Each structure stands twice: as C-alpha cells, then as structure tokens.
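Residue numbers (the working numbering): 6 to 957. Taking it in order: structure first as structure tokens, then the write-up.
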C-alpha cells in the first residue's frame, strides 16, 4: 500500500489530480446473466420482473455491469461501454457524423434503437425526439450503481418498445459522503481530447432516508477524417484507387444534355482558361467530415427517499442535462440542379456559350421557348437549362449544432402492507427540448435569381435585381466572393419538444394459499395499472419547411400525441424445491393489456420456467410476445424529400436494355445512354409517416443453461439461445428494393414501384430538386428474424488483501439475421455481412469481449480483448474489398488505490493502434463514412487516459 497523507490529497493534491487526468476506452466485463442481488436495507430491484423475491430467479438472461466496472474504464457516455458488449450493435454515437443527429443511442441485437427500451431505476427514460429513441448522452455515469441488460422481449412487464430487450440504469440513492472524480483522454496524435469531472454528495436524513445530489461536466473535442491519412481520401469502392468523391466539385462541373455515346454534351468541368473538359476532378469530401463529434454536457441529478412512517416510503428523483453536439458535412453545392442561363451572361466564356447554346453542334440542348416563363421567370425564350455542380468550398462546410435540454421528475410512495405485500405508486414527467441550427446551405430560388445574369449598363447584373441580388460567378476557377455567397446562403432551424407523462401503481407479494405440495414457498404475483401519454412537436422555420434548401432538403413540421392505458399481471410459482433429481422447478407467466389511442387494443404475454436438477446447475427458458406501437414520427411526419443510398442505377451507363430504357423515359429521363451513376452512392427519396400504421409484433424465445456450482461459487457459466421474429415491422422500403422491384421484377412503367420514381428531366438521374426521387414511405412492411447464442463465463480467485484475479468472457454468435423489406421482396441474410441490402452496421457472426483483472493490494491491472469477427459483402454489394477480416482491439487499465477513498486510473485504448478497414465510400450503406464504418471500427486510434477519484 502506498501511504500518502489524506489531508494533503484533500487540500493541495486533489485539484491537481482532478485536472491532470488523461480517459480510458471502456474495458467491459460481463457478470452472469441473472436477476440483481438484494441491496442494502432489503431493497430489491429486479430487471425483467416486478416480483421482488430473491429465491425466484428470472427466466430471462440479465447481464450486469457494476459501478466498479464503469469507473474502471472511465466511461463518460454510456453508449461507449454498452456498444462494446457483443449483444449490441453500434447505434448513433460519437462517430455518427453522416448520418447523425448528435444523439447517442443503444441498439440491442441490431434490431434498432427504438426497439430497445431504456429505463432509469425501472422507470422509462424520456425520448429525445419524436423518433421514440432515448439519447443516453443525457444519462450521467457518476450515480450509476449498475447497468442491467435484459435480452429478449419484455413487453409483458414493461410495455411497448421492449422488443430486443431492456437496458436499465440503476442509481445509487443511498450514497453517503462527498466524492469527486476527474479524468481526461487524448489520442496518440495529440487530438480528440476528452474531459470529465463530477461531484457527488449524499447525506442520511436521520435513520429514515437519504438525499443524494450529483453534478458533472463533460467535453469532447472533434476530430476530422482529414486528420487521419488513411481516411482522408474518398475512394471508389470498386477499385479503392479511383476517387469516390462527389461530382459536385470545384471548379464547377456542368451536366450538358447530350447523346447516348457521349459524343456531345455530358459532364464537363471548367478549366483555368475558360474552356471545358470532360476529364473531371471529383470533390474529396472526407477531410471536412467529423470522425469524432465535438460534445459538451452539463448535468445535475438529485435522488431522495424518506420513510414517512412504517410501511410508507416517499421517493423522488430529478435530473437535468444540457447537451451540445456538432456535426460538420461537406460544403453545400448546387447538386446538379438545372438552372436557366442567359446567352448574354457576361461570366460565360466563348467555350461555355458554344457548349450551352449551339444547337447545331448539339441538338440535344434544352433551349427554352418562353412557354414556361409564367411559372419560372428565368425560363425566357433563348435561355438554356444546364445542370450545375459547384461545391461552395468557401463556406467551410455545413455545420449543424444540436442543443438538447432534458429533464425528468419522478416521485412516488412505496412500502409494505402487512407481511407480504409490496406496493409502488408513482408519477413521472419528462421533457426534452432540442434546438437544431443548420448552417451554410444554398437557397434554390436565390440561386436561380443569382445565376440568371445579363449584361447591364454597369457590368453584370441579375435579370431580376430584387432583394439586393448579387450576380453569382461560378463559371471560373477563382473563388466565389463573400458578397456573392451572402445572397445565396441560408441557415435553418428546427425545434423539437417531446413530453412524457406516466402514472401507475403496482402490488406484489405472495399468494399464501397457492402452494405446490412439493415446494416450501408459495406462488408470488404482481399486478398493476399504468397510464402513459407521449406528445411531440417539431417546428421548422418557413424556409426549411418550403424545401428550398438544396442539401438540408425539406424540414418537417410534426405535431402529434397518443396515450395508452394498461393493466398487467405476473405470476411465478415454485413447483418443486430440493427434491431428489429436482433441486428447483419454477414456472412463470405474465400478461399485459394495452389500449392505445392510435392502434387500439394490444395484448402481450410471456410464459416460461427454470429447472435445476442439482444446486448450481439451472436450465431456463421463456417465450414472450412483445410489441412496439408506432412512435410519433412514424405516425405524424409528412412525406418530404430526403436522401437515401443507391450504388447502381439501372438507367445509368451506355448499354441500357430497350425495355429498361422505356421505363426510364416514362419516369422523366430526357434520354438514356449518358445518365451518370448516383453521386457518392446517394439519391433523392420521398419519405414520411403514416397514420394507418399498426403495432409491430415480435415472438421471442430464450433457452439457456446456467452453471454456478456450490463448490466453486466464484465460477459462473451461462449459455443462452435466443430467437426473435418481428412481423409487420415499420420501415422505409429501401431504395435498392424499390429499384429492384421496378426494373427487375415488374418491368412495367405503370406498376406501383415504377410509377412512383421521378427522374431529373435534365440529367435523367435521381438527384435534383425536391420533386425528384424514389418513394420510401413508412409502412408495416418489413420482417426481421434473428437467432443466435450468448456465452458468458467468469471466475474470481485470490484474496482481497493480497493477490487476486478475475477473468470475464462474453461472446455472441449470430446464427442468422434475416431482413425482408416487404412481403414481395427478397429475404436478405445480414449475419456476417455489410452493404446496401441490409443497410446497417457490419454484423459479424461472432463477437466477444475478454477481460482479465490482476490485483495486488492497492494495484489492479485490467486487460481487455475486444474481437469482431469477419464480415463479407451482402447480396446487393459488389466492391473490391468484398471481405473484412476479424478485428482485435486490446486495452489496458491500471488502477491504484493509494489510500481508502483515493484512486488513480491510467490506461490506453486500442493499445496496438489498430487501423480501420478501408472499403471505400461507395459501399451503398448509410453507415459508411471515411472509407470505413466509423461507428464499428476505431478511426481515432490509440488513446491514453488518466483519472482520479476521491471520496471524503
């Protein structure tokens, strides 16, 4: 033991310790899946059941992360530690720049963030927006006593959303004293710094209660892909050599109508001398995109409990968090939209004037005859419609700021009635307000006006000079002036407010008269009722709502609400206890009736049991019917233009079959043979909500084995098979599926799939203004089925006073993960794959985490091995790197207890600086960025951390 005077630590050294610290990546170890053990003063919190009897073990697997494990890895945002659990897939997090909205979410089994129910002390956490997901950025780690992860459906116990399972953050409401914790982290390149500090205080209220207050501050600096040479260049996935950048570049590129063989027209780029060249340079968008998002959080939480009288305890919780996250995307561009150019525009070179207006040389040019001038004043007779692709690099990028203020009140009464009945009456209210500012996009109408330039008496001027129009010169290689930018640039705002009110009560206890003759204990029950109301509004400014912004598209004004009234009951009963050949045999069942104001009556239920032939060996199994009611966004969002992923357009290229070409023409393409493939693998889509949606239904089965022999109590082993089948899942129909249905199956321009596709009348592509795109509206159209095996093992040995050690292993093998976008579409196998058909993060068949802890007196060394199995391209993907091999990451954490209540932490994350796999930027999956999958594979590289904790 190292001896240092505590007075020195408290006075002079403590501030230094708290300010020095460099934060670990999350070293994860998993406990045996089981119900939580009894806590101080006989309070029992059981995740997965409302029956609070420790002798009746849960039939559903529950993995437990302790406060010590969380602090050991110095987790600042909880998705850090949960995403390393092999049962989770990476959701939105610190690397989610595009797509991303500044949130951090958790995704069990890869079934989606809104199918994982998030609880705090067994009560629902409020949603951060209308999508029904919880932003776990708002949950501070200082007061977390443990995290319970229940896998498999749990709707019979908790209601809607618990399809994949439940994540329950259990808080320490009996903390006493004063504790301070500080930490920081930095990469081996000297960037990506992260800082965290918290202060927690707790007092006893006589011998009847506790009051605990905690506050904290966290900050994370951003890192661009440009700061990592390996990820700084956008690559074409087909060869990993060619540029995978955007044809919206600089200098300007033009889409000039032309013939099928490209003899005239096509994509041409401005040269320094004013000429045009078909040898174009694509824009490299990777350097300006974040690989790690900037993040800042303030939070405060207060917990209280007080025993008013015998059998009556009042409790409450208040939490508030302020979270600010920024994203940065490539600078806005004109995106290939068609603009009418006047032949007298003085910015045009002779070469441009010939290319845009000489119909003798190019009879395919679209010269306006003036018939549409009433609808579009720029379409005067003699003007030419040309697609323009200019990246406004002068803006620095599209910077989005997401500021979320979240609070929740929970209060209630709990206690005992008589000897065996426990009750809980509660109410809670939560509110989340998210203010979003979207900066530096182009106004299409302002561009139309600024590009419609003629020669005036004093030089170039806008044909329509209203509103202070400034002529825009993008027909040169010189930069655009700030005055020109100011006229066409716009910002947008979006303000979302969601509220949640829940009130309920439950009664649990023993049924003395219901007892098996072969068991010592009676049956136990829980009954209850609950009312929940969810409301949400999203308000966007008029410009954003108009759809005039080229890249941000059309914002959605959303307003909706629903409520649900629920009754539930649960029963557990020991059938046999401590008999020859049957050490324990228990059964359980549960039922919940839910009446939604939107989807009507919903029924969920469960039945299962466990069997222990001998003490220390237990078989368990449970079947559950789970549901998820559609959320506010799915119900009430309007149909608007957005962007989706598509790698190959059947209408693109020079060898389009005649029957396909006819469909392309019917969809609005002016001609076929020179249509370009999708820009950066993205196309326009039409997406939105549907008030005719009904609930999703899921059937989940879990069968398992738990071994914890009495002669070896420090050893535990569990093996659990799971199967989850979701039908009528709410989903957008993927772009690839719609395209496949139209061009490969229907082959009829009048079919539903084909008729909904609208092509650019200038380029024939699927990019352009908000009238162009592929339908992708929400519906109860999808199906998902997954099955696999969870394996955990742990062993602890040695003495706490001397040498001690522990080893913890958690692994998941995914046998199958099948997705079907609608009943007529193919079923895609996603297990062990990545790519556009499944359009999700890479899903290895095998993942594991292995932790080894070695301790001696005040020293503890934690070594962690995180492994991601290999994945290969899915059925819709055809790229050069068709397979990503297995990936291993190693982390080390050293903790030193220098005195009771004083702990130092030092460590390194990604010890061997393992580089991410390079697959290019045109894979066709939304999660693809920086030529890799940054949420799954580490882009930042080796990181060092240090931290200190002091308890007074």
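C-beta atoms are modelled at their ideal positions from N, C-alpha and C, and glycine is treated no differently. A quick note: this is a predicted structure, and the numbers were derived from the prediction, not measured.
Starting from the C-beta of residue 130, find all residues in its chain whose C-beta is less than 6 Å away, skip the five residues before and the five after it, and write them out in chain order. Result list for residue 130: 123, 139, in chain order.
Against chain B, with Cβ distances strictly below 7 Å, would residue 822 count as a contact? Of the protein chains in this structure there is only one, and it is not chain B.
With a 10 Å radius around its C-beta and 16 neighbouring C-beta atoms as the bar for buried, classify residue 748 as buried or exposed. Label assigned to residue 748: buried.
The alpha helix (DSSP H) that contains residue 745, what's its start and end? DSSP places residue 745 in the uninterrupted alpha helix (DSSP H) bounded by 740-745.
Please specify which runs of the beta strand (DSSP E), each continuous and at least 3 residues long, are wholly inside the region 134-180, giving them in chain order. Whole beta strand (DSSP E) segments, 3+ residues: 149-156, 170-176.
Simplified DSSP assignment, three categories, for residue 505: Here residue 505 sits in strand by DSSP.
For my contact list, residue 711 and residue 623 are in at a C-beta cut-off of 8 Å; report their separation, rounded to the angstrom. By a beta-carbon distance limit of 8 Å, residue 711 contacts residue 623. Their separation comes to about 4 Å.
Within 7 Å, strictly: CB atoms of residue 242 and residue 924: Contact check for residue 242 against residue 924 passes: the beta carbons are separated by less than 7 Å.
Identity of the residues DSSP links to residue 327 by a beta bridge: The partner list for residue 327 (beta bridge, DSSP) reads 303, 410.
When you compare only the Cα positions, how much space is there between residue 792 and residue 63? Computed Cα separation, rounded: 21 Å.
Apart from the five residues on each side of it in sequence, which residues of its chain come closer than 6 Å, Cβ to Cβ, to residue 142? 82, 109, 328.
Status (buried if at least 16 other CB within 10 Å, exposed otherwise) for residue 942: Only buried fits residue 942, as 16 or more other CB atoms lie within 10 angstroms of its CB.
Exposed unless 16 or more other CB atoms sit within 10 angstroms - verdict on residue 376: When all chains shown are included, residue 376 counts as exposed.
For residue 914, which option in 411, 944, 433, 185 has the closest C-alpha, if you only look at C-alpha atoms? Nearest neighbour of residue 914 by Cα position, chosen from 411, 944, 433, 185, turns out to be 944.
Would you check if the distance between the CB atom of residue 811 and the CB atom of residue 858 is smaller than 7 Å? Their beta carbons are under 7 Å apart, which means residue 811 touches residue 858 by this criterion.
If you draw a straight line from the C-alpha of residue 350 to the C-alpha of residue 482, how long is it? Approximately 17 Å, taken between the alpha carbons.
So, using beta-carbon positions, are residue 515 and residue 529 closer together than 7 Å? Yes. Within cutoff.
Helix, strand or coil at residue 575 according to DSSP, with G and I counted as helix: Strand.
Taking residue 681 as the reference, which of 770, 919, 544, 311 has the closest Cα? By alpha-carbon distance to residue 681, the top candidate from 770, 919, 544, 311 is 770.
Excluding the 5 residues preceding and the 5 following residue 814 in the sequence, name in chain order all residues of the same chain whose CB lies nearer than 6 Å to its CB. Result list for residue 814: 798, 855, in chain order.
What alpha helix (DSSP H) runs, 4 residues minimum, are completely inside the region 373-424? Counting only runs of 4 or more, we get nothing.
Let me know the secondary structure DSSP gives residue 132 once reduced to three states. Looking at residue 132 - three-state DSSP - the assignment turns out to be coil, as it is neither helix nor strand.
Who are the near neighbours of residue 467 in its chain, counting only those whose CB is closer than 7 Å to its CB and skipping five residues on each side? Sequence-distant Cβ neighbours of residue 467 in its own chain, meaning closer than 7 Å and more than five residues away, are 454, 455, 457, 458, 474, 476.
Counting along the chain, where does the alpha helix (DSSP H) carrying residue 358 start and finish? From DSSP, the alpha helix (DSSP H) with residue 358 extends over 355-362.
The alpha helix (DSSP H) that contains residue 493, what's its start and end? In the DSSP annotation of this structure, the continuous segment of the alpha helix (DSSP H) that includes residue 493 starts and ends at 487-493.
Cα-Cα, which of 341, 939, 68 is closest to residue 228? Checked all of 341, 939, 68; the closest Cα to residue 228 is 939.
Status (buried if at least 16 other CB within 10 Å, exposed otherwise) for residue 888: By the neighbour-count rule (16 or more Cβ atoms within 10 Å), residue 888 is not buried but exposed.
Hey, residue 54 and residue 575 are a contact pair by Cβ (cut 8 Å); roughly how many whole angstroms apart? Between residue 575 and residue 54 the Cβ distance is about 7 Å, and since that is below 8 Å, they are a contact.
Chain-order list of residues whose beta-carbon lies under 7 Å from that of residue 844 (same chain, five-residue window excluded): Correct list, in chain order: 650, 739, 930, 931.
Report the residue from 852, 569, 207, 760 whose alpha carbon sits nearest the alpha carbon of residue 307. Checking every option, the nearest Cα to that of residue 307 belongs to 207.
Consult DSSP for residue 556 and reduce its assignment to one of helix, strand or coil. Correct three-state label for residue 556: coil.
Whole angstroms is fine: what's the gap from residue 127's alpha carbon to residue 174's? So the two alpha carbons sit approximately 8 Å from each other.
Residue 397 versus residue 704: straight-line alpha-carbon distance, rounded: When rounded, the distance between both Cα atoms is 51 Å.
Alpha carbon to alpha carbon, how far is residue 911 from residue 873? Give it in angstroms, no decimals. Looking at the two C-alpha atoms, the distance is approximately 25 Å.
Use the C-beta contact count for residue 577: other C-beta atoms within 10 angstroms, 16 or more gives buried, fewer gives exposed. Around the beta carbon of residue 577, a 10 Å sphere encloses 16 or more other beta carbons of the protein chains shown; the residue is thus reported as buried.
Hey, how far is the Cα of residue 157 from the Cα of residue 111? Answer to the nearest angstrom: the Cα atoms are 15 Å apart.
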